[in-house]
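A.B. asks: Let me give you the structure first, and then I'll get to my questions.
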Amino acid sequence: MRTLRLGHTEVARIGLGTNRLRNTPENVRFVQEAVAAGVGLIDTAHSYTGGESEATIGAALDGVVVATKGGYNRGEGRPEVLRAQIEESLRRLRTDSIGLYYLHRVDPETPLEESLGVLEKFRDAGKIRHVGLSQVGIAEIERARRVVPVAAVQNQYNLSARESEGVVDYCAGEGIVFVPYFPLRGAGGPALDEIAERHGATPTQIALAWLLRRSPAMLPIPGTLSLEHVKENLAALEIELGDDEFEALR
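Using our numbering, the letters of the sequence shown correspond one by one to residues 228 to 477.
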């Protein structure tokens, strides 16, 4: 399955992470070329590269789903801080409506319901289309869903970091898109190399193929500044692992 639904939008199951994206003409062109190559979800945040990531995407794009985040640091889940960050993201991205907006972290100083109440108001006003959460457990997701519909969850998850196994399965069961960040970190080992050789693929492609096989709700966002790597990552959508290969890596 090459695509999945994020709200009402069909997107390719490989996105692009942009936490190193600086606002240069070359990077504006890179983002445009990545979308032309088939990327359907661009992931950024208010905090990435001091705002340059959002500004680059705003200069480059129109008509693709952009996911951004706010409220990363302690104290930034306060309603007045989140409101200011959302408004700034809208300006940087040059848009009237953000496709997907994550609460970047649950703020230990602010009740989750208060932070999400801000996102709900922006959603009701049409300035945010879908709401997501980042680095959360099942209890927090369920608590959040009592305030606002949750379309996506972004947690760290890859071949080596499996702390979110339960969240992956919960999201699949509830129709929530699971977006693993650092999807390629720590991947490696003889089994990965052997399977890659068998498929005529790179270990990176097999690691992505494993994630895609792991859950139908999975949408990895490997970060890169290389169009060659974007195309290599997208090619992983064509790789089908056998049961024995999947289990060998699991």
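For glycine and all other residues, C-beta sits at the position ideal for the given N, C-alpha and C.
In the segment 242-293, which residue ranges form an unbroken beta strand (DSSP E) of at least 3 residues, counting only runs that do not cross its ends?
C.D. replies: Qualifying beta strand (DSSP E) stretches, in chain order: 268-270.
A.B. asks: Could you tell me the boundaries of the beta strand (DSSP E) in which residue 408 lies?
C.D. replies: Where residue 408 is concerned, the enclosing beta strand (DSSP E) stretches over 404-408.
A.B. asks: Cα-Cα, which of 460, 337, 253 and 399 is closest to residue 445?
C.D. replies: Among 460, 337, 253 and 399, the Cα nearest to that of residue 445 is on 399.
A.B. asks: Which two residues bound the contiguous alpha helix (DSSP H) that contains residue 431?
C.D. replies: Element bounds for residue 431: 430-441.
A.B. asks: Give me the Cα-Cα distance between residue 303 and residue 471, rounded to the nearest whole angstrom.
C.D. replies: The alpha-carbon atoms of residue 303 and residue 471 are separated by roughly 45 Å.
A.B. asks: Taking the beta carbon of residue 410 as the centre, do at least 16 other beta carbons fall within 10 Å, making it buried, or is it exposed?
C.D. replies: Buried, since its Cβ has 16 or more Cβ neighbours within 10 Å.
A.B. asks: Output the distance between the C-alpha atoms of residue 337 and residue 467, rounded to the nearest integer angstrom.
C.D. replies: Taking the straight line joining both Cα atoms gives about 44 Å.
A.B. asks: So who's on the other strand from residue 236, going by DSSP bridges?
C.D. replies: Looking at the DSSP assignment, residue 236 forms a beta bridge with 233.
A.B. asks: Please give me, in chain order, every unbroken run of the beta strand (DSSP E) with length at least 3 that falls completely inside the segment 356-392.
C.D. replies: Whole beta strand (DSSP E) segments, 3+ residues: 379-383.
A.B. asks: Taking the alpha carbon of residue 340 as the point to measure from, which residue in 405, 458, 242 and 369 has its own alpha carbon closest?
C.D. replies: Of the listed residues, the one whose Cα sits closest to residue 340 is 369.
A.B. asks: Taking the alpha-carbon positions, what's the residue 428 to residue 351 distance?
C.D. replies: Going by the C-alpha atoms only, they are around 45 Å apart.
A.B. asks: Among residues of its own chain, excluding the 5 on either side of residue 250, which ones have a beta-carbon nearer than 6 Å to its beta-carbon?
C.D. replies: Taken in chain order, the residues that qualify are 279, 282 and 283.
A.B. asks: Can you look up residue 448 in the DSSP assignment and give me helix, strand or coil?
C.D. replies: Of the three classes helix, strand and coil, the one that applies to residue 448 here is coil, per DSSP.
A.B. asks: DSSP three-state call for residue 400: helix, strand or coil?
C.D. replies: DSSP places residue 400 in helix when its eight states are reduced to three.
A.B. asks: Could you give the residue range of the beta strand (DSSP E) that holds residue 327?
C.D. replies: Segment 325-330, the beta strand (DSSP E) holding residue 327.
A.B. asks: Buried or exposed: where does residue 453 fall if 16 or more other Cβ atoms within 10 Å of its Cβ makes it buried?
C.D. replies: Answer is exposed; the Cβ neighbour count stays below 16.
A.B. asks: When the Cα of residue 353 is compared with those of 346, 324 and 447, which residue comes out closest?
C.D. replies: Looking at the Cα atoms, 324 is the closest of the given residues.
A.B. asks: Per DSSP, residue 297 is paired with what?
C.D. replies: DSSP, once it has assigned bridges, lists 330 as partnering residue 297.
A.B. asks: If we call anything under 9 Å between Cβ atoms a contact, is residue 448 one with residue 406?
C.D. replies: Taking 9 Å as the Cβ cut-off, residue 448 and residue 406 qualify as a contacting pair.
A.B. asks: Quick one: using the 10 Å Cβ neighbour count with 16 as the cut-off for buried, is residue 463 buried or exposed?
C.D. replies: Under this definition residue 463 is a buried residue.
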